[in-house]
Amino acid sequence: MLISSINQQYFTKFNTIQPVKSKPAINIGADYATKPCKNTELPLGFNTSYNITFGNWTNPNRLVGDVDIKSYQIMTDRAKERYRKLYRGFATNEDVEQSKLFDKKSKFLPLQSDESMEKFLKISKKYLKYKDQPIICLGRSPKWFLNAAFWMKDGIPEYKFVAFSKYWYYPSSKGMQKLPKEAPTQEEETAYRKYLDRVGANPKEIVDTMKKTGKKTVITDYICTGKGACSFLDVMARYADDLGVLEDFTKSIQIVGIGSMDYMEELYPYSEDEISEPRVPMPPILEPYGDNIKQEFYNMDYTVFQEMLLNQNTNECRSTFYPHNAWTVYSPDTFKTGLVTDMKKVEKLLEHFKDEKYITTFTAPMQDYRNLLNFRILDYLNEKELLRTPNKFDLE
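If you want this note's numbering, it's the 1-based position in the sequence shown plus 45.
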């Protein structure tokens, strides 16, 4: 396979260890003093204590560079073998600052055995059923499965990611009840609607796609209680109502949930009733239209569920934590391309999240964790001849 000079530069950049001279960290103020990382100079705004820096700055402390299907397809056999060794030995590698992992109890990378990988791919392949439909990935949870489905031969096209975290609806004897104190403010919701417009996931665009193609948009999420997805549908439905397309919106979406029945039984071990297959409960505004919205659920092996969803190292690698308190502070669609350097925004985030355990930096070990897991999935698909054939766009 011929590799262009640009591709060769890309490969060399991300697969060659370069010595980096040690420099002191940039001082960004006493209140946000950074701790010097070994062999690196921190960019302005990069803080080792807060999870406000999900930018694409490349930390020289990392063991590996970013791994996706493009970089994998131009790797040499020698580079692949190096990555395999790093993947297998990650938990005991002395060059990895294990203390900087989000979940220090889950140091070993997931999907070590072929058996667990096959069970993981079993769920990923479920998404091939929807490869002719638009897919919205709601939050972080389904992303590994969707990525694998995207990397497969005859797999799904690129899907849309919509950041969304937390919830403000709870089940009651009268149906789903909203807790106003936990719900978004009008200002926050206005900001989120603008975000939906920018990423092409607002209700009007979903309705227009249905009218043009006859294809419903799949909204997929990890489902247990369904409180998070219910809260998201509440935001979408009220936006659709304001746009005058509420009923059409309900006819233009379907819900695909993934999760673990074993986990639900573990949560409710003393329940007298049989645990039923989880569904997303409808917020009040959608209750009259519930029959319009088809729901499907795919149950996964409990071990895979633990490794890919309960394991917070895996979960935190996927995208930003984006609760409504952050909707007016930054936007995931632009935030991912650079670091937050406005310290006023930092202070505003900390007002809301100073006690949140999720406010942690996307550290170099976390980036290595994510990229080695990407490599493992890509490498296995390639070994089993399931990896899609590279096209000219992959190698540009």
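Here a beta-carbon is modelled for each residue, glycine too, at the ideal position from N, C-alpha and C.
Could you tell me whether the segment 135 to 155 touches the segment 299 to 316, where touching means 3 or more Cβ pairs closer than 8 angstroms?
no
For C182, which three-state DSSP category applies?
In this structure, C182 counts as strand in the three-state DSSP scheme.
Below 7 angstroms CB to CB, which residues in the same chain sit around K223 once its five sequence neighbours on both sides are set aside?
W213, Y214
Give, in chain order, every unbroken run of the beta strand (DSSP E) that is at least 3 residues long and sits entirely within the segment 160 to 241.
180 to 183, 205 to 207, 214 to 217, 220 to 223
Taking the runs of the alpha helix (DSSP H) that are 4 residues or longer, which of them lie wholly in the segment 115 to 149?
122 to 133
By how many angstroms is the C-alpha of N370 removed from the C-alpha of K226?
12 angstroms
For the alpha helix (DSSP H) holding E428, just list the boundary residues, first then last.
Note, E428: alpha helix (DSSP H), 409 to 428.
Between V280 and the ligand MG, is there a pair consisting of the residue's CB and a ligand heavy atom that are separated by less than 7 angstroms?
With respect to small molecules bound, the structure shown includes none, and the ligand MG cannot be examined in it.
Exposed or buried, what is L312 when buried is set at 16 or more other beta-carbons lying within 10 Å of its beta-carbon?
Looking at its Cβ environment, which holds fewer than 16 other Cβ atoms inside 10 Å, L312 is exposed.
Should S158 go down as buried or exposed, given a rule of 16 or more other Cβ atoms within 10 Å for buried?
exposed
So L331 packs on A282, CB below 8 angstroms; how close in whole Å?
5 angstroms
Use the C-beta contact count for P323: other C-beta atoms within 10 angstroms, 16 or more gives buried, fewer gives exposed.
Buried.
Cα-Cα, which of G273, D266, Y284 is closest to Y237?
Y284
Grab me the residues of L418's own chain with a C-beta within less than 6 angstroms of its C-beta, minus the 5 sequence neighbours each way, in chain order.
Cβ neighbours of L418 beyond the five flanking positions: L154.
Could you work out which residue in G184, P328, P410, M255 is closest to S151 when comparing CA atoms only?
P410
Three or more C-beta pairs closer than 8 angstroms, one from the segment 107 to 117 and one from the segment 418 to 430: is that the case here?
yes
Which residues in the same chain as E430 place their Cβ atom closer than 7 angstroms to its Cβ, once the five residues preceding and following it in sequence are excluded?
none
Near C269, what residues of its chain come up, given a Cβ to Cβ distance below 8 angstroms and the 5 sequence neighbours on each side ignored?
G304, Y308, M309, L312, P323
For F342, which residues does DSSP report across the bridge?
Residue pairing by DSSP places F342 opposite G302 in a beta bridge.
Please state the DSSP three-state secondary structure of L432.
strand
Counting along the chain, where does the beta strand (DSSP E) carrying T348 start and finish?
Here T348 belongs to no beta strand (DSSP E); instead the alpha helix (DSSP H) covers 347 to 350.
Are D266 and S186 touching if we call contact CB-CB under 8 angstroms?
yes
Taking Cβ positions, are G335 and M345 nearer each other than 8 angstroms?
By the CB criterion at 8 angstroms, G335 and M345 fall outside the cutoff.
Assuming G220 and P329 make a contact with CB atoms under 8 angstroms, what is their CB distance in whole Å?
7 angstroms
If you measure between the beta carbons of I181 and T262, is that distance less than 8 angstroms?
yes
Determine whether the beta carbon atoms of K211 and P377 lie at a separation below 8 angstroms.
no
So is R127 in contact with chain B if we call contact Cβ pairs under 8 angstroms?
The structure shown contains no chain B; it holds only a single protein chain.
Along the chain, where does the beta strand (DSSP E) that runs through V109 open and close?
No beta strand (DSSP E) holds V109; DSSP gives it neither H nor E.
Please look up how many angstroms separate the CB atoms of V252 and S218, rounded, as I've assumed it's under 8 angstroms.
With 8 angstroms as the limit, V252 and S218 do not qualify as a contact, their Cβ atoms being about 34 angstroms apart.
Buried or exposed, going by whether 16 or more other CB atoms sit within 10 Å of the CB of Y132?
With 16 or more other CB atoms across the displayed protein chains lying within 10 angstroms of its CB, Y132 is buried.
Going by CA-CA distance only, name the one from Q178, M162, V109, G110 that's closest to I300.
Q178
Taking C-alpha atoms, which residue in K145, D111, A208, D148 lies nearest to W372?
Residue A208 is the option with its Cα nearest to W372.
Contact check, G302 vs Q340 under 8 angstroms by CB: the rounded distance?
7 angstroms
Does the Cβ of D413 have 16 or more other Cβ atoms within 10 Å, making it buried, or fewer, making it exposed?
Counting Cβ neighbours within 10 Å, D413 comes out buried, since at least 16 surround it.
Quick check: the Cα distance between V3 and G273, rounded to an integer number of angstroms?
Since the first residue shown for the chain is 46 and the last is 441, residue 3 is missing from the structure and cannot be characterised.
Could you check which residue in Y128, E234, Y347 has the C-alpha nearest to that of K167?
Y347
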